[in-house]
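Mapped onto this note's numbering, the consecutive letters of the sequence shown carry residue numbers 2 to 131.
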Amino acid sequence: TTTTTATTAAAKTSATKVKSQEPTKTKVASKKKIEVEIPPPELVPEPGTPTAAVKVTTMSDKDEERAISQIAKLHQKYGVGKMDPAAILAMFFTCESVLDLRFEAKVHLADNQPVRNFVENLWQRKQKSG
2 TTTTTATTAA
12 AKTSATKVKS
22 QEPTKTKVAS
32 KKKIEVEIPP
42 PELVPEPGTP
52 TAAVKVTTMS
62 DKDEERAISQ
72 IAKLHQKYGV
82 GKMDPAAILA
92 MFFTCESVLD
102 LRFEAKVHLA
112 DNQPVRNFVE
122 NLWQRKQKSG
């Protein structure tokens with residue numbers, strides 16, 4: 002154990018001795034094996050590649066395609082990283098309130114007026130589709 006001298010901002014003239022502590026080691030009670038089946042690399046699509054068409058919302062096919070296209074444009078312009086626009090739309094459709102949807106859009110796209118306009122439009126279409 003080592004002893005160091007630390008000075009606080011409130012009392013710059015007085016010094017306090019602080020003992021450093023060694024990291025605590027944790028013990029594992031049991032070691033369970035978890036088996037995970039990983040598909041071969043040729044079956045895993047690259048990030049950003051289009052996947053098979055899957056219905057992700059209750060909107061009409063035309064509205065869903067339009068929303069995915071808009072998300073792709075917004076994500077390309079403002080988003081960070083690579084994520085499938087259909088996955089983002091599916092995530093948006095799990096939101097139970099417009100506030101949740103706005104938050105998710107800020108996280109996955111951006112916090113700006115074009116994204117806010119898209120969110121308001123999507124929320125209205127989601128409410129109409131049931």
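Glycine included, every Cβ here is placed at the ideal spot set by N, Cα and C.
| Query | Result |
| --- | --- |
| Would you call Leu100 buried or exposed, if buried means 16 or more other Cβ atoms sit within 10 Å of its Cβ? | exposed |
| Along the alpha helix (DSSP H) that carries Glu105, what are the first and last residues, could you check? | Val99 to His109 |
| Under 9 Å between the Cβ atoms of Val116 and Tyr79? | yes |
| Where does Lys183 land, buried or exposed, given buried means 16+ other C-beta within 10 angstroms? | Any question about residue 183 goes unanswered here, given that the chain covers just 2 to 131. |
| Throw me the rounded Cβ distance for the Leu123 and Phe93 pair, which I believe falls under 8 Å. | 6 Å |
| Just curious, the alpha helix (DSSP H) that Lys83 is in, first and last residue? | It is not in any alpha helix (DSSP H) - Lys83 carries neither H nor E in the DSSP assignment. |
| Quick check on Ile69: buried or exposed, where buried means 16 or more other Cβ atoms within 10 Å of its Cβ? | buried |
| Where does Glu65 land, buried or exposed, given buried means 16+ other C-beta within 10 angstroms? | buried |
| Should Lys63 go down as buried or exposed, given a rule of 16 or more other Cβ atoms within 10 Å for buried? | exposed |
| Within its chain, find whatever has a CB closer than 7 Å to the CB of Asn113; leave out the 5 residues flanking it on each side and keep chain order. | Tyr79 |
| Could you give the first and the last residue of the continuous alpha helix (DSSP H) run that contains Glu121? | Gln114 to Ser130 |
| For Pro42, collect the residues of the same chain with a Cβ closer than 8 Å to its Cβ; drop the 5 residues on either side in sequence, then sort them by chain order. | none |
| Would a C-beta distance cut-off of 9 Å place Leu135 and Ile89 closer than the cut-off? | Any answer about residue 135 is impossible in this case: the structure gives the chain only from 2 up to 131. |
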